[in-house]
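Enquirer: Have a look at this one.
Residue numbers (the numbering used here): 70 to 488.
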């Protein structure tokens, strides 16, 4: 899943037109009120102003040139000419001329800072509309260097970087934007996060992609984000296959199992791991949702369901003996596994108690996986507040810590049954 977020063309056009209109208003006032303009300068400038209001920008530029051709111009005349030229050139899409006029106005020392920022914002918008992304970046950076703080210019800058292929620069800017929003106590915009997601995809940066989807799930949780995130997570080079079933468990909990193959594979993995009751539950959910039970695989699906139903009954019958052996064992491995099995089967109170005993006994062959599953059992039983504490203790670089973080993220959307 990749999403590119850009300003709609109509919105871009309206934005640029509004900024140009502001320029026209400013220049109009300048012509009407400016002192020291001789008639041979003022008359063509007045005509240029009227042409700008009529959006005849190229004709306006010709009138500005007529005024500029007058010899012996004083400082006020030159200043007014350049300001009118800037407005006309901006409307005509002549960015080089408009930028040169802005530079001339700036050097004159007569241009007020707020007006300079307004011009820079307008020109950056015009450059973006003209798909001159290098110019957009140049003008946008200058705008902020001069003290501007418009969020719309920041959006133009980032999108210009993205559309020009500078995905690294766009990702850096968007990450800073996301962090700044969070630091200020507000959520980053979904549009910014979607654009960051797209840059991460373009860069093939799995870590950045996962980071961004996690942010989307934090602030704008949607089922499709979960499916994409879990798929990406399993493709990371350091992700261990031993956590495949735990990943499926999160996919099932978030409603993001995709098809019949996912349900069948999860059920088989559960059975292989010694959790036939869980496997049967997965298949039951697949049947209930209509994903399983029809089509060419229906007979095979039913055979698997019958097998897991039988094994679940056998497990339940053997439970007292298994529990006695687990309690007598020197380590906590069997207690953790039995407790998890019970928790998955609906006996959450007893299951969590046995898992806790196993964790306390120690000697675990896979301590981080055991803590992860204890947290999962807490989430599934509604003890989400305790689950957060458990997940924070999970470490490792093989996928356990990442899954713990994602399960904790999921748990935030669930009410807790315990104080």
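Note that the Cβ used here is the ideal one computed from N, Cα and C, for glycine as well. Here the structure is a predicted model, which means the values were calculated and not measured.
Please report the residue range of the alpha helix (DSSP H) in which residue 356 lies.
Expert: For the purposes of this step, residue 356 is taken as residue 287 along the chain shown, with counting starting at 1. 345–358 is the span of the alpha helix (DSSP H), which, as asked, contains residue 356.
Enquirer: Given this structure, state the Cα-to-Cα distance separating residue 403 from residue 468, to the nearest angstrom.
Expert: By one-based count along the chain shown, residue 403 stands at place 334. By one-based count along the chain shown, residue 468 stands at place 399. Distance between the alpha carbons of residue 403 and residue 468: 23 Å.
Enquirer: Can you tell me where the alpha helix (DSSP H) with residue 110 in it begins and where it stops?
Expert: In the chain shown, the residue the question calls residue 110 occupies position 41. Unbroken alpha helix (DSSP H) run through residue 110: 108–122.
Enquirer: Just to confirm the assignment: which complete alpha helix (DSSP H) runs, minimum length 4, are found wholly within the segment 223–281?
Expert: Counting whole runs of 4 or more residues, the segment 223–281 contains the alpha helix (DSSP H) stretches 236–252 and 259–272.
Enquirer: What are the start and end residues of the alpha helix (DSSP H) that includes residue 137?
Expert: Against the chain shown, residue 137 aligns to sequence position 68. 126–137 is the span of the alpha helix (DSSP H), which, as asked, contains residue 137.
Enquirer: Short check: CB of residue 342 to CB of residue 314, under 8 Å?
Expert: Sequence index remark: in the chain shown, residue 342 carries index 273 (1-based). Sequence index remark: in the chain shown, residue 314 carries index 245 (1-based). Yes.
Enquirer: The alpha helix (DSSP H) with residue 330 in it runs from where to where?
Expert: Along the chain shown, read from residue 1 onward, the residue named residue 330 stands at position 261. Counting along the chain, the alpha helix (DSSP H) containing residue 330 begins and ends at 329–341.
Enquirer: Excluding five sequence neighbours on each side, which residues of the same chain lie with their C-beta closer than 6 Å to the C-beta of residue 466?
Expert: For the purposes of this step, residue 466 is identified with residue 397 of the chain shown, where counting begins at 1. Cβ within range, chain order: 307.
Enquirer: Hey, residue 286 and residue 294 are a contact pair by Cβ (cut 8 Å); roughly how many whole angstroms apart?
Expert: Within the chain shown, the letter at position 217 stands for residue 286. Within the chain shown, the letter at position 225 stands for residue 294. Between residue 294 and residue 286 the Cβ distance is about 5 Å, and since that is below 8 Å, they are a contact.
Enquirer: So, does the segment 258–278 touch the segment 229–240, judging by three or more C-beta pairs under 8 Å?
Expert: Contact holds: three or more Cβ-Cβ distances are below 8 Å.
Enquirer: Which same chain residues end up closer than 6 Å to residue 363 when comparing Cβ atoms and leaving out the 5 residues on each side of it in sequence?
Expert: For this step, residue 363 is matched to residue 294 along the chain shown. No residues qualify anywhere along the chain.
Enquirer: What is the DSSP secondary structure of residue 433, reduced to helix, strand or coil?
Expert: Within the chain shown, residue 433 is the residue found at index 364, counting from 1. Note: residue 433 maps to coil in three-state DSSP.
Enquirer: Using the Cβ count rule (16 or more neighbours within 10 Å means buried), how would you classify residue 311?
Expert: By one-based count along the chain shown, residue 311 stands at place 242. Label assigned to residue 311: exposed.
Enquirer: Please report the straight-line C-alpha distance between residue 197 and residue 144, rounded to a whole angstrom.
Expert: Stepping through the chain shown from its first residue, residue 197 is reached at position 128. Stepping through the chain shown from its first residue, residue 144 is reached at position 75. Each residue's Cα considered, the two are about 32 Å apart.
Enquirer: Hey, how far is the Cα of residue 217 from the Cα of residue 109?
Expert: Counting from 1 along the chain shown, the entry for residue 217 is found at position 148. Counting from 1 along the chain shown, the entry for residue 109 is found at position 40. In a straight line, the C-alpha of residue 217 is about 37 Å away from that of residue 109.
Enquirer: If you compare alpha carbons, which of 273, 283 and 254 is closest to residue 262?
Expert: Within the chain shown, the letter at position 193 stands for residue 262. For the residues 273, 283 and 254, the minimum Cα distance to residue 262 belongs to 283.
Enquirer: Specify, as a first and last residue, the run of the alpha helix (DSSP H) that residue 389 falls within.
Expert: Counting from one through the chain shown, the residue named residue 389 turns up at place 320. Start and end: 367–397.
Enquirer: Hey, would you say residue 172 sits closer than 8 Å to residue 185, going by beta carbons?
Expert: By 1-based counting over the chain shown, the position of residue 172 is 103. By 1-based counting over the chain shown, the position of residue 185 is 116. No. Outside cutoff.
Enquirer: Check whether the segment 436–446 touches the segment 376–383, counting contact only when three or more Cβ pairs, one atom from each stretch, lie closer than 8 Å.
Expert: No: fewer than three Cβ pairs fall under 8 Å.
Enquirer: What is the DSSP secondary structure of residue 489, reduced to helix, strand or coil?
Expert: This structure gives no information on residue 489, because the portion of the chain shown stretches from 70 to 488.
Enquirer: Buried or exposed: where does residue 429 fall if 16 or more other Cβ atoms within 10 Å of its Cβ makes it buried?
Expert: Along the chain shown, one-based indexing puts residue 429 at 360. Label assigned to residue 429: exposed.
Enquirer: Taking Cβ to Cβ, would you say residue 433 is nearer than 8 Å to residue 423?
Expert: On the chain shown, residue 433 is found 364 positions in, with the first residue counted as 1. On the chain shown, residue 423 is found 354 positions in, with the first residue counted as 1. Against a cut-off of 8 Å, the Cβ pair of residue 423 and residue 433 comes out as no contact.
Enquirer: Less than 8 Å separating the beta-carbons of residue 154 and residue 139?
Expert: Position 85 of the chain shown, counted from the first residue, corresponds to residue 154. Position 70 of the chain shown, counted from the first residue, corresponds to residue 139. Against a cut-off of 8 Å, the Cβ pair of residue 139 and residue 154 comes out as no contact.
Enquirer: With C-beta atoms as the reference, is residue 401 less than 8 Å away from residue 431?
Expert: As a position in the chain shown, residue 401 is number 332, starting the count at 1. As a position in the chain shown, residue 431 is number 362, starting the count at 1. Their beta carbons are under 8 Å apart, which means residue 401 touches residue 431 by this criterion.
Enquirer: Take residue 481 and list the residues in its own chain whose beta-carbon comes closer than 6 Å to its own, dropping the five residues that flank it on each side.
Expert: Translated into the one-based positions of the chain shown, residue 481 becomes position 412. Correct list: empty, nothing qualifies.
Enquirer: Find the nearest neighbour of residue 366 within the set 338, 385, 233 and 328, judged by alpha-carbon distance.
Expert: Locating residue 366 in the chain shown gives position 297, counting from the first residue. It is 328.
Enquirer: Between the alpha carbons of residue 250 and residue 334, how many angstroms are there, rounded?
Expert: On the chain shown, position 181 is the one that residue 250 refers to. On the chain shown, position 265 is the one that residue 334 refers to. Rounded to whole angstroms, residue 250 to residue 334 spans 40 Å at the Cα level.
Enquirer: So what's residue 93 in DSSP terms, helix, strand or just coil?
Expert: Start at 1 with the first residue of the chain shown, and residue 93 comes out as number 24. The predicted position of residue 93 is uncertain, since its pLDDT is 49 and thus under 50; a value taken from the coordinates is nonetheless stated next. Looking at residue 93 - three-state DSSP - the assignment turns out to be helix.
Enquirer: Whole angstroms is fine: what's the gap from residue 331's alpha carbon to residue 266's?
Expert: The residue you call residue 331 lines up with position 262 of the chain shown. The residue you call residue 266 lines up with position 197 of the chain shown. Near 25 Å, if we compare the C-alpha coordinates of residue 266 and residue 331.
Enquirer: Is residue 225 closer than 8 Å to residue 244 when the C-beta atoms are compared?
Expert: Working through the chain shown from its first residue, we reach residue 244 at position 175. Working through the chain shown from its first residue, we reach residue 225 at position 156. No, the pair does not count as a contact, with Cβ atoms beyond the cut-off.
Enquirer: Where does residue 480 sit, in a helix, a strand or coil, going by DSSP?
Expert: Position 411 of the chain shown, counting from 1, holds the residue named residue 480. Correct three-state label for residue 480: helix.
Enquirer: Hey, quick one: how far does the alpha helix (DSSP H) through residue 407 stretch, first residue to last?
Expert: For this step, residue 407 is matched to residue 338 along the chain shown. Element bounds for residue 407: 402–413.
Enquirer: Using only the alpha-carbon positions, how far apart do residue 246 and residue 268 sit?
Expert: Within the chain shown, residue 246 is the residue found at index 177, counting from 1. Within the chain shown, residue 268 is the residue found at index 199, counting from 1. Roughly 14 Å between the two C-alpha positions.
Enquirer: Could you check if residue 464 is buried or exposed, using at least 16 other CB atoms within 10 Å of its CB as the buried criterion?
Expert: To locate residue 464, count along the chain shown from 1; it is residue 395. Exposed.
Enquirer: In three-state terms, what does DSSP make of residue 162?
Expert: Position 93 of the chain shown holds residue 162. If DSSP states are grouped into helix, strand and coil, residue 162 belongs with coil.
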